[in-house]
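J.:
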């Protein structure tokens, strides 16, 4: 599903964002990616969906790799990925339903399928009653669930969640984590970047730890 093989990424001569990072994530696996601000979490995430390319090593994702993928293939890769951000990144002039449907429209899905898929996803998120609400009318937890619905629209094999609980209160955080665990239990691999140590301690999942761009820890679920 996902493999980093001795991956390095630098910005100029003074900032090494990632250094010799190697790990693999299997189909259907859940892992936390932890580290302080500036540790390299966001850079690592951006390399997965090929927003950037590594300076050394190779990233393999869902049948594509960073050395051989062409620009024309990047949209194909991204259709196999779902991405959820801390700041939601919902389109403000679209309703919750329209935000979810947009992810399907850009892939050319039939109108009838888009309507049903959007309805099903919002129902799964417990947001059927918010389908016609705009982002400014939603709570933080509701916005994040809409963002997850959008990320799941094209049935991704891998869901990337970049600090998804960063703007949520404890109750909304617990609800979101239950949702992510449920999604994972149905076969979707999840890589979640976070700095919430309490959350990590309560969830017996694999933990990948970055420090100054170096992978300093890889604690498997079985060992926790």
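Residue numbers (my numbering): 1078 to 1301.
C-beta: ideal position from N, C-alpha, C; glycine also.
#1: Give the C-beta separation of residue 1227 and residue 1256 to the nearest angstrom, bearing in mind that I take them to be a contact with Cβ-Cβ under 8 Å.
#2: Return the chain-ordered list of same chain residues with a C-beta closer than 7 Å to the C-beta of residue 1218, the five sequence neighbours on each side being excluded.
#3: Quick check: the Cα distance between residue 1287 and residue 1132, rounded to an integer number of angstroms?
#4: If we call anything under 8 Å between Cβ atoms a contact, is residue 1136 one with residue 1081?
#5: What residue range is occupied by the uninterrupted alpha helix (DSSP H) comprising residue 1189?
#6: Check whether the Cβ atoms of residue 1147 and residue 1084 lie closer than 8 Å to each other.
#7: Once you ignore the five residues that flank residue 1172 on each side, which residues in its own chain have a CB closer than 7 Å to its CB?
#8: So, are the CB atoms of residue 1231 and residue 1184 less than 8 Å apart?
#9: What is the C-beta distance between residue 1180 and residue 1199, in whole angstroms, given that I count them as a contact (C-beta under 8 Å)?
#10: From which residue to which residue does the beta strand (DSSP E) around residue 1269 run?
#11: Evaluate residue 1299 with the Cβ neighbour count: other Cβ atoms within 10 Å of its Cβ, from every protein chain shown; 16 or more gives buried, anything less gives exposed.
#12: What separation, rounded to the nearest whole angstrom, lies between the Cα atoms of residue 1086 and residue 1162?
#13: Residues in its own chain within less than 6 Å of residue 1269 by CB, not counting five upstream and five downstream?
#14: To the nearest angstrom, how far is the alpha carbon of residue 1097 from that of residue 1293?
#15: According to DSSP, what are the bridge partners of residue 1079?
#16: From the DSSP output, in three-state form, read off residue 1179 for me.
#17: How many angstroms separate the CA atom of residue 1092 from the CA atom of residue 1262?
#18: Between the beta-carbon of residue 1078 and the beta-carbon of residue 1234, is there less than 8 Å?
T.: On the basis of the data shown:
#1: Working through the chain shown from its first residue, we reach residue 1227 at position 150. Working through the chain shown from its first residue, we reach residue 1256 at position 179. Residue 1227 to residue 1256, Cβ: 14 Å. No contact.
#2: Taking the first residue of the chain shown as position 1, residue 1218 is located at position 141. Here the set comprises 1245, 1249, 1252, 1253.
#3: What you label residue 1287 is simply residue 210 of the chain shown in a count that begins at 1. What you label residue 1132 is simply residue 55 of the chain shown in a count that begins at 1. So the alpha carbons of these two residues sit roughly 18 Å apart.
#4: For the purposes of this step, residue 1136 is identified with residue 59 of the chain shown, where counting begins at 1. For the purposes of this step, residue 1081 is identified with residue 4 of the chain shown, where counting begins at 1. Contact: yes.
#5: In the chain shown, the residue the question calls residue 1189 occupies position 112. Residue 1189 -> alpha helix (DSSP H) spans 1188–1201.
#6: Along the chain shown, read from residue 1 onward, the residue named residue 1147 stands at position 70. Along the chain shown, read from residue 1 onward, the residue named residue 1084 stands at position 7. Against a cut-off of 8 Å, the Cβ pair of residue 1084 and residue 1147 comes out as no contact.
#7: Here residue 1172 is taken as the residue at index 95 of the chain shown, counted from 1. Excluding sequence neighbours, residue 1172 sits near 1208, 1209, 1210, 1211.
#8: Indexing the chain shown from 1 puts residue 1231 at position 154. Indexing the chain shown from 1 puts residue 1184 at position 107. Their beta carbons are under 8 Å apart, which means residue 1231 touches residue 1184 by this criterion.
#9: Here residue 1180 refers to the residue found at position 103 of the chain shown. Here residue 1199 refers to the residue found at position 122 of the chain shown. Contact flag wrong, Cβ pair sits at about 13 Å.
#10: Here residue 1269 corresponds to residue number 192 of the chain shown, with the count starting at 1. Taken as a continuous stretch (DSSP letters only), the beta strand (DSSP E) holding residue 1269 covers 1266–1271.
#11: For the purposes of this step, residue 1299 is taken as residue 222 along the chain shown, with counting starting at 1. Per-residue confidence for residue 1299 stands at a pLDDT of 48, beneath the threshold of 50, marking its modelled position as unreliable; the derived number appears in the next sentence. The residue is exposed, with fewer than 16 neighbouring Cβ atoms inside 10 Å.
#12: As a first step, residue 1086 must be located in the chain shown, where it is residue number 9. As a first step, residue 1162 must be located in the chain shown, where it is residue number 85. One Cα belongs to residue 1086, the other to residue 1162, and the distance between them is close to 21 Å.
#13: Numbered from 1 along the chain shown, position 192 holds the residue referred to as residue 1269. Answer for residue 1269: 1109, 1238, listed in chain order.
#14: Sequence index remark: in the chain shown, residue 1097 carries index 20 (1-based). Sequence index remark: in the chain shown, residue 1293 carries index 216 (1-based). Whole-angstrom Cα-Cα distance: 11 Å.
#15: Locating residue 1079 in the chain shown gives position 2, where the first residue counts as 1. Paired residue(s): 1102, 1138.
#16: In the chain shown, counting from the first residue as 1, residue 1179 sits at position 102. Three-state result, residue 1179: helix.
#17: By one-based count along the chain shown, residue 1092 stands at place 15. By one-based count along the chain shown, residue 1262 stands at place 185. Cα to Cα, residue 1092 sits roughly 38 Å from residue 1262.
#18: Residue 1078 sits at position 1 when you count from the first residue of the chain shown. Residue 1234 sits at position 157 when you count from the first residue of the chain shown. Yes. Within cutoff.
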